[in-house]
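Written below as structure tokens is the structure these notes are about.
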Amino acid sequence: MKIINCKTIITCPGRNFVTVKIETDEGVYGIGDATLNGRELAVVAYLEEHLFPCLIGRDPAQIEDIWQYLYRGAYWRRGPVTMTAIAGIDTALWDIKGKVAGLPLYELLGGRSRDGVMVYGHANGVEIEETVDEVAKYIDLGYKAIRAQCGVPGLPSTYGVAKDKMYYEPADAELPSENVWSTEKYMKHVPQLFERLRDKFGFDHHLLHDVHHRLTPIQAGRLGKDLEPYRLFWMEDAVPAENQESFRLIRQHTTTPLAVGEIFNTIFDCQQLITEQLIDYIRTTVVHAGGITHLRRIANLADLYHVRTGSHGATDLSPVCMGAALHFDTWVPNFGIQEYMRHTPETDEVFPHDYHFKDGYLHAGSKPGHGVDIDETLAARYPYKPAYLPVNRLEDGTMYNW
Ligand code: CS2
Ligand code: MG
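As structure tokens, this is what we get:
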């Protein structure tokens with residue numbers, strides 16, 4: 001079997017998605033997600049100008065060799081654009097391998113380790129009571145785990161509080177919109193949210209929170225300590241994580257479990273975090289961390305150090321990524337949890353899939369490959385629309401982390 005054509009399909013059913021499609025001389029094709037929110041066209045150029053020409057004529061079964069060729073052959077290794085491009089190709093090749101074998105992807109990885117994959121949804125509100133109402137809705141939908149975010153008094157907006165409750169899309173403008181941040185106001189308010197949630201719902205559901213890169217290590221230690229009575233499943237992205245050793249300071253001050261890694265793109269971004277057990281969950285994904293081939297390496301390293309997976313699954317990761325992630329989650333022995341921000345009906349129409357939600361769990365389908373397809377005719381109806389993620393400034397105007 002030979003690769004005869006590779007292409008990207010850019011579509012925007014409410015938000016932009018980039019999909020890689022690899023076609024072979026025997027009529028079998030595979031698809032992969034290559035969406036990088038706010039930088040989509042950089043990945044498209046990297047794929048079309050630099051990677052696709054190297055794939056024509058190759059045997060699609062040689063997934064590892066192709067991965068090593070694209071990673072080592074770049075000379076300029078790593079980075080979100082490079083690794084998202086490699087991920088799109090890698091996922092498409094695993095999809096082809098499954099279709100050729102007539103097996104769902106999880107069988108190729110080592111078979112089922114679980115039936116369903118526990119997921120968490122996103123409850124948010126401007127006020128605490130609005131978030132409480134949203135958490136109640138997710139409990140009624142059968143979720144066992146719910147992320148809770150709320151507005152901060154005195155701030156005009158904050159991360160995670162969406163206009164549309166169910167579908168959260170932060171890339172909201174043709175040039176970056178500017179948000180304002182105050183750590184003091186935020187840290188005073190968040191413990192009140194979780195005190196209220198535990199008072200109302202008790203401890204039968206997992207509660208999670210995303211700090212979204214906005215504290216210093218000692219502030220994260222303080223917030224983690226303040227949240228300990230509410231037994232969070234995890235506190236996510238407490239600090240920007242380029243300096244992995246800064247997590248030692250957080251660890252010294254709190255037992256609140258720590259999750260990080262949705263913006264990581266290789267094992268080297270989290271090697272120290274894992275081997276020094278500075279985190280409890282690694283959030284790397286199929287689409288941004290080099291595909292199934294590399295994510296498997298990260299999960300295997302994490303398993304040696306009691307770190308579990310907790311892959312990112314926001315709306316800007318397409319159903320193709322979600323489908324592949326569910327097969328990965330169904331196999332991976334040190335599974336923790338899977339984020340599940342639902343896609344809109346028009347997105348689901350463009351990407352027909354066989355995974356389904358039931359009682360707080362997502363279930364991968366049993367179709368060969370990852371079980372997700374793309375309707376190219378429908379996709380063409382939604383042209384690319386430039387959209388940036390916001391930027392964040394402190395109240396005095398200092399540029400900060402969004
Ligand atoms: C967030 C994301 O889901 C999460 O944990 O961190 O919503 C993130 O803000 C977006 O994926 C950015 O595009
Ligand atoms: Mg996050």
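Numbering follows our numbering, with no gaps: position 312 of the sequence shown is 312. From the three backbone atoms N, C-alpha and C, an ideal C-beta is built for every residue, glycine too.
Start and end residues, beta strand (DSSP E) containing M166: M166 -> no beta strand (DSSP E), and no H or E assigned at all.
Classification of Q62 by the beta-carbon crowding that lies within 10 angstroms, buried from 16 upward: exposed
Residues of its chain near T17, where Cβ-Cβ distance is below 6 angstroms and the 5 sequence neighbours each way are ignored: Correcting the residue type first, residue 17 is Phe in the shown sequence and not Thr. Contacts found: T11, T35, S318.
Chain-order list of residues whose beta-carbon lies under 6 angstroms from that of C6 (same chain, five-residue window excluded): I22, F52, L55
Three-way DSSP call (helix, strand, coil) for A379 in this model: helix
Residue closest to R283, alpha-carbon to alpha-carbon, out of A241, Y167, K144: A241
Closest Cα partner of L232 within the set P60, Y120, E184: Y120
Cβ separation of E228 and D210, assumed to be a contact under 8 angstroms, to the nearest whole Å: Between D210 and E228 the Cβ distance is about 18 angstroms, and since that is not below 8 angstroms, they are no contact.
T347 classed as buried or exposed, judged by whether at least 16 other C-beta atoms fall within 10 angstroms: buried
M341 classed as buried or exposed, judged by whether at least 16 other C-beta atoms fall within 10 angstroms: buried
Any 3 or more C-beta pairs closer than 8 angstroms across the segment 84-94 and the segment 298-313: no
H189 in three-state terms, based on DSSP: helix
Helix, strand or coil at T183 according to DSSP, with G and I counted as helix: helix
Complete runs of the beta strand (DSSP E) confined to the segment 102-139 [at least 3 residues]: 117-125
Residue span of the beta strand (DSSP E) that contains M235, given as start and end: 234-236
Which residues DSSP lists as bridging C150, in chain order: G125
Distance cut-off 6 angstroms: E242 Cβ against heavy atoms of the ligand MG: no
Environment of H356 [buried if 16+ CB atoms lie within 10 Å]: exposed
Environment of L141 [buried if 16+ CB atoms lie within 10 Å]: exposed
CA-to-CA distance, K367 to L108, given in whole angstroms: 13 angstroms
Alpha helix (DSSP H) segments (min. 4 residues) lying fully within the segment 331-383: 345-350, 376-379
Proximity winner among N265, Q272, M187, relative to V311 (alpha-carbon distances): A small correction: the amino acid at residue 311 is Ser; Val does not occupy that position in the sequence shown. Comparing Cα-Cα distances from S311 to each of N265, Q272, M187, the minimum goes to N265.
DSSP three-state assignment for Y29, whether helix, strand or coil: strand
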